[in-house]
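Position in the first sequence (first residue = 1) + 58 = this note's numbering.
All residues carry an ideal CB built from backbone N, CA and C; glycine is no exception.
Take a look at the structure set out below.
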Amino acid sequence: MPELPEVETTRRGLQRRLRGLRVADVIVRERRLRYRITPGLRGKLAGRRVSRIARRGKYLLFYLDDGCLLCHLGMSGSFRITGGGQAAGSHDHLDIVFGGGKILRYRDPRKFGAVLWVGGEVLRHKLLAGLGPEPLGKGFGGDYLYEQSRGRSASVKQFIMDSRVVAGVGNIYANESLFIAGIHPARHAGRVSRRRYEALAAAIRQVLQRAIRKGGTTLRDFVRDDGQPGYFGQTLAVYQRGGEACPACGGVIRSSVLGQRSTFYCPRCQR
DNA sequence: AGAGGTACCTGGCAGC
DNA sequence: TGCTGCCAGGTACCTC
């Protein structure tokens, strides 16, 4: 499933190849994603030029001349660019055709994604307005996590996966960063020290940056914008490794469920 | 305000 | 082998 590094990898690839291009046509095959794809999208986009592509959490923001296409890949979404000869598959819900013939194709078997046109200031959009700071940006760090977490009884894992606390930390990287920081995922967020939040913030930045450098960690059906699958799961220390040996101490990695999410940790290394 | 639960969807896989 | 049924997983939203 696309996590923040995959989204960032996608953003970089798409920006490199689409910036400055003008939309010629839009083909919507399936409108029912998490939300309905904005009706009349063709009229909104046609003739507009892509000025840049940004990211906010796991949302992709395609800035056009006078508005923004706000997209989310959900669980199984991917973008790719085709030359035009490729026939659309059954899960290829949207094509954005550019002048010159390049096609940006959105595929999403599970339809958890979103493609919405936002005419005004996109960062004030309901889906973005409440997001916490970017984990790789200013405003995020140990002090911030410490202050935000006081008095909170939810587990530290659920806390860092709350998009209002920090944007875009999903299940994989929550597991991995807690392992690196040596913090037990079920520990109450309000009972983690400032010093340990410092370690956790550093771990979150480290795992995300490393995955971005690797081109994105992927488990199943993420496809990079060049159409190549991006399997990098072998670099994960604990995620989906329940019953295996901890790479740090050799003990057995445990799996459990926290907030309806699969959770992996080493009970010896994480307290 | 915070915590917990639910819905959305479908490929993949476990169990029969 | 073939069918059925369950579940993951990100996020918003609802309820308590």
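Item to check | Coarse secondary structure for Ser320, derived from DSSP in three states | outcome: In this structure, Ser320 counts as strand in the three-state DSSP scheme.
Next on the checklist: If you reduce the DSSP assignment to three classes, tell me which class Thr275 lands in.
Outcome noted: Because the pLDDT at Thr275 is just 45, under 50, the model does not fix this residue reliably, and the value given afterwards should be weighed accordingly. Here Thr275 carries a coil assignment [DSSP, helix/strand/coil].
Item to check | Cβ-based burial, Arg329 [other Cβ within 10 Å; buried from 16] | outcome: So Arg329 counts as exposed.
Next on the checklist: What does the alpha-carbon distance come out to for the pair Lys215 and Pro243?
Outcome noted: Going by the C-alpha atoms only, they are around 5 Å apart.
Next on the checklist: Let's test the definition: count the other Cβ atoms within 10 Å of the Cβ of Ala303 and tell me whether it reaches 16, buried, or not, exposed.
Outcome noted: By the neighbour-count rule (16 or more Cβ atoms within 10 Å), Ala303 is not buried but exposed.
Checklist entry - Leaving out the 5 sequence neighbours to the left and right, which residues in its chain are closer than 6 Å to Ile230 when beta-carbon positions are compared? => result Listed in chain order, the non-local C-beta contacts of Ile230 below 6 Å within the same chain comprise Glu61, Tyr297, local neighbours out to five positions each way being set aside.
Item to check | Identity of the residue in Ala232, Phe156, Leu72 nearest Ser136 by Cα | outcome: Taking Ser136 as reference, the option from Ala232, Phe156, Leu72 with the minimal CA-CA separation is Leu72.
Checklist entry - Taking C-alpha atoms, which residue in His246, Tyr255, Leu194 lies nearest to Tyr202? => result With respect to the C-alpha of Tyr202, the residue from His246, Tyr255, Leu194 having the closest C-alpha is Tyr255.
Next on the checklist: Please return the same chain residues whose Cβ sits closer than 6 Å to the Cβ of Leu189, not counting the five positions on each side in sequence.
Outcome noted: The answer, listed in chain order, is Gly115, Ser221, Ala225.
Checklist entry - Quick one: what's Val155 bridged to in DSSP? => result According to DSSP, which records beta bridges pairwise, Val155 is partnered with Asp83, Ile161.
Item to check | Burial state of Cys307 (16 or more Cβ within 10 Å) | outcome: So Cys307 ends up on the exposed side.
Checklist entry - Can at least three beta-carbon pairs, one atom from the region 309-320 and one from the region 254-273, be found at a separation below 8 Å? => result Output reads no: the region 254-273 does not touch the region 309-320.
Checklist entry - Are there three or more Cβ pairs, one per stretch, closer than 8 Å when the region 169-188 is compared with the region 119-128? => result The region 169-188, when compared against the region 119-128, does touch it at the 8 Å Cβ threshold.
Checklist entry - Can you tell me where the alpha helix (DSSP H) with Val65 in it begins and where it stops? => result 62-76 is the extent of the alpha helix (DSSP H) around Val65.
Checklist entry - How long is the line joining the alpha carbons of Arg312 and Val84, rounded to whole angstroms? => result Distance between the alpha carbons of Arg312 and Val84 is about 47 Å.
Next on the checklist: Which residue wins for smallest C-alpha separation from Ala295, given the options Tyr323, Ser314, Ile270?
Outcome noted: Of the listed residues, the one whose Cα sits closest to Ala295 is Tyr323.
Checklist entry - Which residues in the same chain as Asp279 place their Cβ atom closer than 6 Å to its Cβ, once the five residues preceding and following it in sequence are excluded? => result With a pLDDT of 37 at Asp279, under the threshold of 50, the modelled position of that residue is not reliable, and the figure given next carries that caveat. Contacts found: Ser134.
Checklist entry - According to the Cβ coordinates, are Glu66 and Ile270 closer than 8 Å? => result Between Glu66 and Ile270, the CB-CB gap stays under 8 Å.
Item to check | Candidates Asn233, Gly159, Leu266, Lys272: closest to Gly363 by CA position | outcome: Examination of residue 363 is not possible in this model, given that the chain is present from 59 through 329 alone.
Item to check | Rounded separation between Val310 and Pro325 - CA only | outcome: Those two C-alpha atoms are separated by around 8 Å.
Checklist entry - For Cys304, which residues does DSSP report across the bridge? => result In the DSSP assignment, no residue is bridged to Cys304.
Next on the checklist: By the DSSP assignment, the alpha helix (DSSP H) with Ser221 in it spans what residues?
Outcome noted: Note, Ser221: premise wrong, no alpha helix (DSSP H); not H, not E.
Checklist entry - Candidates Leu181, Gly228, Val265, Ser213: which alpha carbon is nearest Ala247's? => result Ser213 is the residue among Leu181, Gly228, Val265, Ser213 whose C-alpha sits nearest the C-alpha of Ala247.
Item to check | Segment contact, 8 Å Cβ cut-off, at least three pairs: the region 154-169 with the region 180-187 | outcome: Contact between the region 154-169 and the region 180-187 is absent, because fewer than three Cβ pairs lie under 8 Å.
Item to check | For Arg100 and Gly78, believed in contact at Cβ under 8 Å, the rounded distance | outcome: About 20 Å; that fails the 8 Å criterion.
Checklist entry - What's the call for Glu64, buried or exposed, on a 16-neighbour Cβ count within 10 Å? => result Glu64 counts as buried, since no fewer than 16 other beta carbons sit within 10 angstroms of its beta carbon.
Checklist entry - For Leu181, which of helix, strand or coil comes out of DSSP? => result Look at Leu181 here: in three-state DSSP terms it is helix.
Next on the checklist: Distance check for Gly228 and Glu205, CA to CA, integer angstroms please.
Outcome noted: Between the alpha carbons of Glu205 and Gly228 lies a gap of roughly 21 Å.
Next on the checklist: Please state the DSSP three-state secondary structure of Tyr117.
Outcome noted: The three-state reading of DSSP puts Tyr117 in strand, counting E and B together.
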